[in-house]
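Note sheet for the following structure.
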Amino acid sequence: MCGIVGYVGKEQAAPILLDGLQKLEYRGYDSAGVCIGNGNQLQVVKAKGRLAHLAELTDGGKSLHGTVGIGHTRWATHGAPSDENSHPHAADQGKIVVVHNGIIENYQKLKEMLQANGKRFHSETDTEVVANLVEYFYDQGFDFKMSVRKAVERIEGSYALGILCRDYPGTIIAVKKDSPLIFGFGDGCSYIASDVPAILKYTRDVAYLNDGDMVIFTDHDALFFDGAGDPITKTPEHITWDTEAAEKGGYEHFMLKEIHEQPKAIRDTLSPRMKDGTIVLDDITLTADYLKKLRRVYAVACGSAYYVGVQSKYIIEKLCQVPVEPVLASEFRYADPVLGEDTLVLIISQSGETADTLAALRLAKEKGARTLAIVNVVGSSIAKLADDVIYTWAGPEIAVATTKAYSTQLAVVDLLALYMAQCLGTVESERFNSLYGELQSLPEKVEQVLDTSVIEKIQYYASRYFNNRDVFYIGRNLDSATCLEGSLKLKEIAYLHSEAYAAGELKHGPISLIEDGTLVVAIATNRALFDKTMSNVKEVKARGAEVLGLTVPSCEEEIHKTVDSVVLIPETDTLFQPNLSIVPLQCFAYYVALMRGCDVDKPRNLAKSVTVE
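Numbering-wise (the working numbering), the sequence shown opens with residue 27 and increments by one.
This is how it looks when you write it as structure tokens:
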């Protein structure tokens, strides 16, 4: 989603803002802009397209003079990408300038009111309403702070706002509701940003704003207020991860770097929670007594996180004998779900800010269900609102298409399933110990998947198949769930039409799409279901398909009898095989996209964190 950066200090603001916005490019955007304050002058420069265009227009920020400013990268919601619809937005008389992340749900009603009071509009955006609404109250004699306060009281929806006023040089006001915003403490300077990487170069001490919080800051002071307008204190949190974690580190793309970071990320997720042969989840309060009364689990998420939820159905049901229903967060509220004290709702989100998922979480809490969030971002909205949180500790993920966030979410599901089984006593000790050992070995086995010899084979297959018009992924049980994520990766970054099906469903319609040369990726890692999957492979082969098989050593000899090409991965327990199976599919999508000349890290039309419905 949109990215926000703000700065007040002694240095020239524009170069700092451009640098911060560049660190937020991973969020996805279609235009960019800055507003620089110089005395009582507010200079706005913005443009459709890549940030490099804005940098060129401003000579890297050198042509804009002033030590206070706000910047923005936009992902269009209201109005097509254009210079006019780009942020920042100035109010009609130019007294107020605003950058905004989120969506104003009642913008049309507010716009009509403001137009009736003489305000003119120059864009199609909901954000311009905010600028004019603040100016409307300012014109009535309220000061800057109170004008902002009265404006946000009228706004319905989500917002992270950075606001400048022409008559208050050297001052920024920021306010937040449902969209991420952090404050950075500097030496003789202060910052705001949508995410830590934007300002990590300048400060490691930050505060996460809560819903309703407002901060008024200058180069020497920062005053914080809660939603009621009462003064509050914010204690800085020190960021410990290195700036190199947000850079490419020698890899051609962030996505490739993050694929190769998965062994470490999974190890960081698992190791602190596996002690002396038991699963230790100190951060959550799910007791054995509660779990024994549990009648249903919902796994609620969007996109790749939803596919983790699909995996959780197979894993938790198998180990814990508790029904699990994966539900898309965008549908959860409208399905009238059966919720109560005996229901656990798993909320899965990388950013912790996903709008649909956040709304589903609120509904679950309203209806009395217990909520457990699996998120990566500490201090995010979902993390704060859920009853319990398990952090993935994946570190920053810059590429829009998730890899290590997905893998660590899946590792947390494995941990949670074993923890619940441990509490419920639904798995015999010998089986539990075996699963425990296999879970511990996952990082090492992922490293084996990323061995150069395996990667070179995947690159070769990508070179053979990158021009295919249609690709189908098939598998059974957990393999079927892995197909969903593998197919999505190919769609996201290579722009190839790709579908994923449970292998047994092909003959119920989709097989009519198979023709000579169609690529079918068949995942067959479950020994018990291998023969049935191969029967489906033979069906597509008989209709001209080219089949790339993914399997384990115990099935290698047999699969070669049926498929055209094979990728071999290490063997683990069937329940944990998806943690390994997904890695070659991520690599395959990456190399196909590379050969098709696609922008791997910033695929078209997509955003990293979707904070609007």
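In this text, a Cβ means the ideal position worked out from N, Cα and C, and glycines have one as well.
What does the Cβ neighbour count give for Tyr360, buried or exposed, with the cut at 16 atoms within 10 Å? exposed
Please name the residue, chosen from Leu444, Thr452, Ser479, that lies closest to Gly463 on a Cα-to-Cα basis. Checked all of Leu444, Thr452, Ser479; the closest Cα to Gly463 is Leu444.
Tell me whether the beta-carbon of Tyr332 lies closer than 7 Å to the beta-carbon of Glu511. no
Nearest by alpha-carbon distance to Arg293: which of Glu572, Tyr491, Gln466, His586 is it? Gln466
Would the stretch 70–85 and the stretch 194–203 be scored as touching if the rule is three or more Cβ pairs under 8 Å? no
From what residue to what residue does the beta strand (DSSP E) around Asp414 run? 414–417
According to DSSP, is Glu351 part of a helix, a strand, or is it coil? strand
Would you decide whether Arg495 is buried or exposed? Buried here means 16 or more other CB atoms lie within 10 Å of its CB. So Arg495 counts as exposed.
Which same chain residues end up closer than 6 Å to Ala526 when comparing Cβ atoms and leaving out the 5 residues on each side of it in sequence? Tyr499, Cys509, Leu510, Ser513
Are the Cβ atoms of Glu379 and Ser406 separated by less than 7 Å? yes
How big is the Cα-Cα spacing for Tyr55 and Ala102? 8 Å
By alpha-carbon positions, which one of Val403, Ala381, Ile374 ends up nearest to Thr397? Minimum Cα distance to Thr397 is reached at Ile374.
Check whether the Cβ atoms of Val24 and His98 sit closer than 7 Å, and answer yes or no. Only positions 27 to 639 of the chain appear in this structure, which leaves residue 24 out of reach.
In the DSSP assignment, find the unbroken alpha helix (DSSP H) run with Tyr164 in it and report its ends. 153–165
With burial defined as no fewer than 16 other Cβ atoms inside 10 Å of the residue's Cβ, what is the status of Thr311: buried or exposed? exposed
Where does Arg502 land, buried or exposed, given buried means 16+ other C-beta within 10 angstroms? buried
Given this structure, state the Cα-to-Cα distance separating Val618 from Ala381, to the nearest angstrom. 31 Å
Considering only their Cβ atoms, is the gap separating Asn158 from Leu140 smaller than 7 Å? yes
Is the stretch 84–100 in contact with the stretch 32–51, if contact means three or more CB pairs nearer than 8 Å? Three or more beta-carbon pairs separated by less than 8 Å link the stretch 84–100 to the stretch 32–51, which places the two stretches in contact.
In chain order, what are the residue ranges of uninterrupted beta strand (DSSP E) at least 3 long that sit wholly in the stretch 392–474? 396–401, 414–417
How big is the Cα-Cα spacing for Val566 and Val546? 8 Å
Among all the DSSP beta bridges, which residues are the ones paired with Asn236? DSSP lists no partner for Asn236.
8 Å Cβ shell around Tyr194 - same chain, five flanking residues per side excluded: Phe170
For Ala314, which residues of its own chain have a beta-carbon under 6 Å away from its beta-carbon, when the five flanking residues on both sides are left out? Cys449
Would you identify the three-state DSSP class for Leu312, choosing helix, strand or coil? coil
For Lys227, count neighbouring C-beta atoms within 10 Å of its own C-beta (all shown protein chains included) and say buried if the count is 16 or more, exposed if not. Note on Lys227: under 16 other CB atoms within 10 angstroms of its CB, so exposed under the neighbour-count rule.
Could you give the DSSP three-state label for Glu82: helix, strand or coil? Three-state result, Glu82: helix.
So Leu468 and Thr551 are supposed to be a Cβ contact under 8 Å. How far apart are they, rounded? About 14 Å; that fails the 8 Å criterion.
Is it true that the CB of Phe211 sits closer than 7 Å to the CB of Val241? Against a cut-off of 7 Å, the Cβ pair of Phe211 and Val241 comes out as no contact.
Which residues in the same chain have their Cβ closer than 6 Å to the Cβ of Lys260, if we skip the five residues on either side of it in sequence? Ala233, Phe250
Alpha carbons only, please: which of Asp204, Gly167, Gln166, Gly196 is nearest the one belonging to Glu645? Within the shown structure, residues of the chain are numbered from 27 to 639, placing residue 645 beyond reach of any answer.
With DSSP as the reference, please indicate the residues paired to His126 in a beta bridge. Residue pairing for His126: DSSP places it in a beta bridge opposite Leu187.
Going by DSSP in three states, Arg100 sits in which element: helix, strand or coil? strand
CA nearest to the CA of Ala224, picked from Cys28, Gly570, Asp256, Glu572: Cys28
Looking only at DSSP bridge pairs, what is Glu263 linked to? Its beta-bridge partners are Val232.
Between the CA atoms of Gln166 and Ile424 - distance to the nearest angstrom: 44 Å
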